[in-house]
Every structure is written in structure tokens, then in C-alpha cells.
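Sequence lines, in order, name chains A and B.
Heads up: the first sequence at position 185 corresponds to 238 in my numbering, and the numbers run straight through without jumps.
Heads up: the second sequence at position 225 corresponds to 278 in my numbering, and the numbers run straight through without jumps.
Below is one structure, written out as C-alpha cells; the observations come after it.
Protein chains: 2
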Amino acid sequence: MTREVVVGAAQLGPIGRAESREEVVERLLTLLRSAAERGCDLVVFPELALTTFFPRWLLDEGDESGLAGDTTELDSYYEREMPNPATQPLFDEARRLQIGFHLGYAELTPDGHRYNTAILVGPDGDVVGSYRKVHIPGHERHEPWRQFQHLERRYFEESPDGFGVHEAFGGVFGMAICNDRRWPETYRVMGLLGVEMILIGYNTPLNYAPDPSQNPLQAFHNHLVMQAGAYQNGTWVVGVAKGGVEEGVESLAQTAIIAPSGQIVAQATTIGDELVTATCDLDMCDRYKKTLFDFDRYRRPEMYTLLTSTTGPQALVEADPDAAEHA
Amino acid sequence: MTREVVVGAAQLGPIGRAESREEVVERLLTLLRSAAERGCDLVVFPELALTTFFPRWLLDEGDESGLAGDTTELDSYYEREMPNPATQPLFDEARRLQIGFHLGYAELTPDGHRYNTAILVGPDGDVVGSYRKVHIPGHERHEPWRQFQHLERRYFEESPDGFGVHEAFGGVFGMAICNDRRWPETYRVMGLLGVEMILIGYNTPLNYAPDPSQNPLQAFHNHLVMQAGAYQNGTWVVGVAKGGVEEGVESLAQTAIIAPSGQIVAQATTIGDELVTATCDLDMCDRYKKTLFDFDRYRRPEMYTLLTSTTGPQALVEADPDAAEHA
Chain A
54 MTREVVVGAA QLGPIGRAES REEVVERLLT LLRSAAERGC DLVVFPELAL TTFFPRWLLD
114 EGDESGLAGD TTELDSYYER EMPNPATQPL FDEARRLQIG FHLGYAELTP DGHRYNTAIL
174 VGPDGDVVGS YRKVHIPGHE RHEPWRQFQH LERRYFEESP DGFGVHEAFG GVFGMAICND
234 RRWPETYRVM GLLGVEMILI GYNTPLNYAP DPSQNPLQAF HNHLVMQAGA YQNGTWVVGV
294 AKGGVEEGVE SLAQTAIIAP SGQIVAQATT IGDELVTATC DLDMCDRYKK TLFDFDRYRR
354 PEMYTLLTST TGPQALVEAD PDAAEHA
Chain B
54 MTREVVVGAA QLGPIGRAES REEVVERLLT LLRSAAERGC DLVVFPELAL TTFFPRWLLD
114 EGDESGLAGD TTELDSYYER EMPNPATQPL FDEARRLQIG FHLGYAELTP DGHRYNTAIL
174 VGPDGDVVGS YRKVHIPGHE RHEPWRQFQH LERRYFEESP DGFGVHEAFG GVFGMAICND
234 RRWPETYRVM GLLGVEMILI GYNTPLNYAP DPSQNPLQAF HNHLVMQAGA YQNGTWVVGV
294 AKGGVEEGVE SLAQTAIIAP SGQIVAQATT IGDELVTATC DLDMCDRYKK TLFDFDRYRR
354 PEMYTLLTST TGPQALVEAD PDAAEHA
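Below is the structure:
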């Protein structure tokens, strides 16, 4: 197997609240077939690619600390199994075309856990690996002062599994989801596992209510963190948006394929359904992994103990009021 | 005391092998006085700011594993105390002008340890804190195939102390040196300690012998890592170069002051001695530290254990051949 992987980053435009999974899967199939025509080995769909971004609404009638009341609509946005009747055509067509794909969706487990999940499916149609979002952004409780909600922390549990890598497509693949990409630990854990390509889907509203001064910087921040994560770990990064104006909320597009050099080698130019492709040489990773970022040679874990011993400055001060003075 | 700090990033052009400390200190004094005229509270000088970048030469006659033979010239590049007669005028003038400064230099301790060191001096002339480089790049042994050497790993020990922060100038300050800036752990350790401004001096040759494909990307990488480190930790970053062509070796300039937003707010336009200044509002850090990057709320240290339990993929595989399969 060659170490070149042709990747299609399949950006999605908005998905309406009333849009059915069957309609969405038709859109995914269109992108998948375009990818096949362009010689792709792998198509990367974004986070929560099957439905509208439902955390923007309060959809249950719970008290402040948890879900309750009628959760019928909320539950309708989750997948109870994968594949399922609505997504089976995607699996079938991918297998027929011998293309792998990455798909983000809301997962409701048989025992009632809710995760923001992604899977990687090989060209034979088998699931190679799955990932549940580690860094859940937003808030737990209804905050009426916001123009729209970001209730991810109400609707999803944090992953109990963490980050992993998977051998696929002749290389080492990893996944992260949306807000994970802003945290250097995300890339580093997978970097330590030898990752060569990280697939990241995202839904990023352009209006960040807690600090609107960040709004005009969203595109810059998006690329900054993915480019730094790629470079600092010598890995390819594929960042794929669900962008455009969805149910009145404007979201970032800016889908990009990023080389281990940190360079953007392909980028979407629209805010709708759009496929961008790049031929990614996985051997390029070693230019960084075996030189400047030879972790085994240069890293100093004994100097990083705070990274795993505390969540943040407040926990640190609570644990030891003198600790903040000097590491 | 106001939370606005006026910072001068005092880039240096080349320092010749024959240039004396007294001559260099005169250059530093010129920059210091310019900074005073421009209202600076703090002037940041680069790494190894008192001498030429001597790791580019083999300066001893040791066997492969350590220094030996005549180390007279090598030793001449280190400071045995700070301040010392050559640098005392800088301390005196800074105190007179009531300006703090940051200075990088080679340190030779009384018991024979060699470090790549920086100090932060307050406006009263007292040393507020010191830092020794954690991530030493380059190589330990003479490598004749190189156009020039990068013998930092021969001439400097790794810091035994790690990263810390210091209360100064009305805020929380940290230091890092050169190659440290490429490692996200550098910023994160200090971010967890609540850092609000990180001072980083660097000497970065534009020719990276182990992988020349990185040469045209040096300026991009330099800003990428510092901008990401600033944004991801909600901190100001001041990156100051010794640039230009020094003893035939071309080094990166690109001195920059970077806001907690990741935006470059001031940047050098020459490759020589140049002062760039910015008024830095330390309260701006909270826009990020208390929202998107509220570490106590969003970080998940239990998912980052690999960051401190292993140096890299090779150590991981040696420790447990199955570990690389999945975290």
C-alpha cells in the first residue's frame, strides 16, 4: 500500500431543523461520489453531520441540573446504532466505491449515555475506530441572555475513553472533535502515539457570546490551532466544517487540509457543501517527527507534571495556596 | 499600579566573535534609552544577548562524550556572575531610568554547570527571577557534515528547575528560551500557573541542516508557535530575536509582541538592532482565561496522562509494545 492518501474534506453547509436524515445522507452521498471521481481514499465529514446543530436550543424541560420532561425532540437527534437504516446507504455506497469515510454524529448508547461521537470507516465498510469528544464546550444550563444556546455540556457527557490512534489507510490515524482542536493536549496525546493524520469535524458559531471580541478572529483561531497542532506533532490535520447560516446562526466554514509543516494545502472557498481534496504523503510526517520534534530525544516530561496533576490555576491554588508562586 | 505594561522588544542584529561584552552592552544601553524615551516599563533582550552565538563552533577538544582540552575560548562566552563588571552599566542605567529588563546569557555556575539562562530584572534593578532553558536543541557531538554546528547540547545542560512564574510589573510573568517556544508544554505549564506575559529570546538559524525543507518556513513556524501559545493560554508573548547574518550564518529576525488573542500587535521590520513597543493590557488575558480557556472548567488531565508518563513513541513502545495500539 502506498503511503500517499488522497483525502477529501467534505464540508457541509447548514442542515435545517426539519431536514430528515435521509435528505442529509443524500447530500453526503453526493459528496462521496464526487470524492470517488477525484480519486479519494478517504472522505471526512464534519461533527454532528446528520442533523442540525441541536445544542443551540433548550430541548427538554429539566431543572437546572439535568434532563427531564419531554425529551422526544432531543432524542430524535441521536443515533442509537451505527449504521442504522438512515445511514446504511452511505456505508453501502462507500463500500461499493471502496472509499473510507469519517462521520460525526450524536450517539445515544443502549444504557442511556449521550456522546458527541465520530467514527472512522475503512474502504471495506468496517468501522476501524470510534472517538467520543473529550473537551465539551458551552454550558450545562439554559442561559436565556444568549442569542442562542450552546448546550453541549447539557446534552453530551465527556468521553470516558480519551484519545487513541488506529492503523488504517497505510498509516496511523486519530480523531478529535470541534473544541478539542483548540487544546494542544489533543494533538500531543495522539502525537505521542505516532499519529500521522488527525481528522477533526467542527460546528463553530461565529458569535461567541461570552466574549464577542473573539468573533472577528474565529477564522484565524481555527487555522492557528490546527496548523500549530500539525506542525508541533508532525502530523496531517484535516479540519472539516459544518458552516454557513443554519437556523439563523452563522457558523465558520474554512475547511482545511493541513500538512505536517503546518501549511494549509487545501481550503474550502464556500460556506456550503464543498469537497476539497489533497494528496497527503504520510511519510512527510517524519521530516518533523525525526528531526526538530524527535520527542524521545527532546521532550522533558518531568518538567510537565502540572499538565496532568491539575485542571487549572484555581484547582492549583485550592490544593496548595503557595503552589502558584513557582512550579 | 496599572495593569497596562509598555513593553519594548529589543531585537539585536549580529554580534561578532571578536565583539567585546562592553561593545555589546553599549548597544543594549542604546536600546534601553530608546525604550525609556518611548515610555517602556520593560525591555526584552534576546537569548545569549551578550556574545556571538558560540554553539556554531566546536570550541573544545573533547572526545565524543564531553568537554575536554583547552576550553578557554568556550569559557569566555559564559557569565560567572550577574551582574558583573561588563553588565553592571546596564543594571545601573536601567535602575536610573526605572525600567525593568529581560536578558539572556550563558551561565557558568561556581560548581561548573553550564546553562542557557535568562533573568528578569525589575525597575528597581533587582533580579525578580531567573530561568534556565528546558528544551535544548541541536546535538552533543561535532558533526563535520554540517555547514555550521549547533552544539547547544554539548555546551548547555538541560534546566533542572523547569518553568516558573513571577509577580512583577503588576502581573504574572514567565520566561522561555528559543527552542522552548516550539513546545506547547512550555506555554501550558506557565498557563496553569496563571502567566500573563511570557518573554522569549531566540537565535534561530535559517538553515536547519537536518531538514532543509523547513528553511523557507522558519518565519511562519516562529510566529505560528508563539501565536498559538499565546492564544491557547490567554497570555501575552514577547518573542525577541538576535537576527541577521552573524559570522556568516543567517538568523531569523521577526521579533514580535503577541496578544492573548494570538494577534501580532508589534513586529520588527529589520534584521538588526531594533526596538518595537506595544502597550500590553494584562487584563486582556482574562478574555480568554475566563471563557473558552477556563482551564478549571474544561481541561481533562486524566486524559493527558501520556504527556507526563513518556518522552515519546519510542519510549512508549519499549515500555509496552502494545501501548501504541490505543491510549
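We treat Cβ as the ideally placed atom computed from N, Cα and C, and that holds for glycine.
Source: prediction; values computed, not measured.
Cross-chain neighbours of residue i in chain B, by beta carbon under 8 Å
i: A/M356; result: V187, S212, G215, F216, E238 and V242
i: A/A368; result: D349
Sequence-distant residues of the same chain with beta carbon closer than 7 Å to residue i, five excluded per side
i: B/A139; result: R74, E75 and V78
i: A/G247; result: V218 and V225
i: B/R235; result: V278
i: B/E146; result: L82 and L85
i: A/P108; result: G191, Q202, H203, L204, E205 and Y208
Interface residues of chain A facing residue i [CB-CB closer than 7 Å]
i: B/Q280; result: L277
i: B/P142; result: Neighbours of B/P142 on chain A: none; closest Cβ ~30 Å, over 7 Å.
i: B/S266; result: R340
i: B/G296; result: By Cβ distance, chain A contributes nothing, its closest Cβ being about 19 Å from B/G296, past 7 Å.
i: B/T364; result: F348, D349, R352 and P354
i: B/T344; result: P263 and D264
Between the CA atoms of residue j and residue i - distance to the nearest angstrom
i: B/P197; j: B/D128; result: 22 Å
i: B/M54; j: B/A221; result: Because the pLDDT at B/M54 is just 48, under 50, the model does not fix this residue reliably, and the point stays unresolved.
i: A/A272; j: A/G296; result: 12 Å
i: B/R199; j: B/E193; result: 13 Å
i: A/R353; j: A/A62; result: 35 Å
i: B/I251; j: B/M135; result: 21 Å
i: B/E211; j: A/S362; result: 22 Å
i: B/C231; j: B/E100; result: 7 Å
i: B/L345; j: A/D116; result: 25 Å
i: A/D113; j: A/F106; result: 15 Å
i: B/V302; j: B/A309; result: 21 Å
Status (buried if at least 16 other CB within 10 Å, exposed otherwise) for residue i
i: B/E126; result: exposed
i: B/S118; result: exposed
i: B/V60; result: buried
i: A/T257; result: buried
i: B/P374; result: exposed
i: A/K343; result: exposed
i: B/Q285; result: buried
i: B/A372; result: exposed
i: A/V298; result: exposed
i: A/H166; result: exposed
i: A/D164; result: exposed
i: A/N169; result: buried
Contacts that residue i makes with chain A (C-beta to C-beta distance below 8 Å)
i: B/G315; result: L270, F273, H274 and L277
i: B/L360; result: E238, R241, V242, L245, P354, Y357, L360 and T361
Neighbourhood of residue i by C-beta distance below 6 Å, restricted to the same chain and skipping five residues each side
i: A/H379; result: With a pLDDT of only 47 at A/H379, under 50, the local geometry of the prediction cannot be trusted, and the value read off the model is given with reservation. Nothing meets the Cβ criterion.
i: A/Y131; result: A159 and L161
i: A/G182; result: L173 and H219
i: A/T364; result: none
i: B/M228; result: A171, Y184 and L252
i: A/R70; result: T105 and E300
i: A/E327; result: Q64 and A321
i: B/L120; result: D113
Beta strand (DSSP E) segment containing residue i, residue limits
i: A/R167; result: R167 to V174
i: A/T364; result: Note, A/T364: premise wrong, no beta strand (DSSP E); not H, not E.
i: B/E300; result: Premise fails: B/E300 is in no beta strand (DSSP E) and is neither H nor E.
i: B/R185; result: V180 to R185
i: B/T239; result: Per DSSP, B/T239 belongs to no beta strand (DSSP E); it is in the alpha helix (DSSP H), P237 to L245.
i: A/D339; result: Careful: A/D339 lies outside any beta strand (DSSP E), inside the alpha helix (DSSP H) at D339 to K342.
i: B/L95; result: L95 to V97
i: B/L252; result: M250 to Y255
i: A/T332; result: E327 to D334
i: B/E355; result: Neither: B/E355 is in no beta strand (DSSP E) and is coded neither H nor E.
i: A/E57; result: E57 to Q64
i: A/E160; result: G153 to L161
Opening and closing residue of the alpha helix (DSSP H) in which residue i lies
i: A/S73; result: No alpha helix (DSSP H) contains A/S73, which DSSP labels as neither H nor E.
i: A/L143; result: Q141 to L150
i: B/G282; result: Q271 to N286
i: A/Y208; result: E205 to Y208
i: A/Y351; result: F348 to Y351
Same chain only: Cβ atoms within 8 Å of residue i, ignoring 5 sequence neighbours per side
i: A/R340; result: G287, P313 and S314
i: A/V242; result: G215 and F216
Residues that residue i contacts on chain B, provided the C-beta gap is smaller than 7 Å
i: A/Y284; result: H274 and L277
Proximal residues of chain D, C-beta to C-beta of residue i below 7 Å
i: A/P197; result: Protein chains A and B are contained in the structure displayed, whereas chain D is not.
Closer than 9 Å at the beta carbon, the chain A residues around residue i
i: B/P190; result: L345 and Y351
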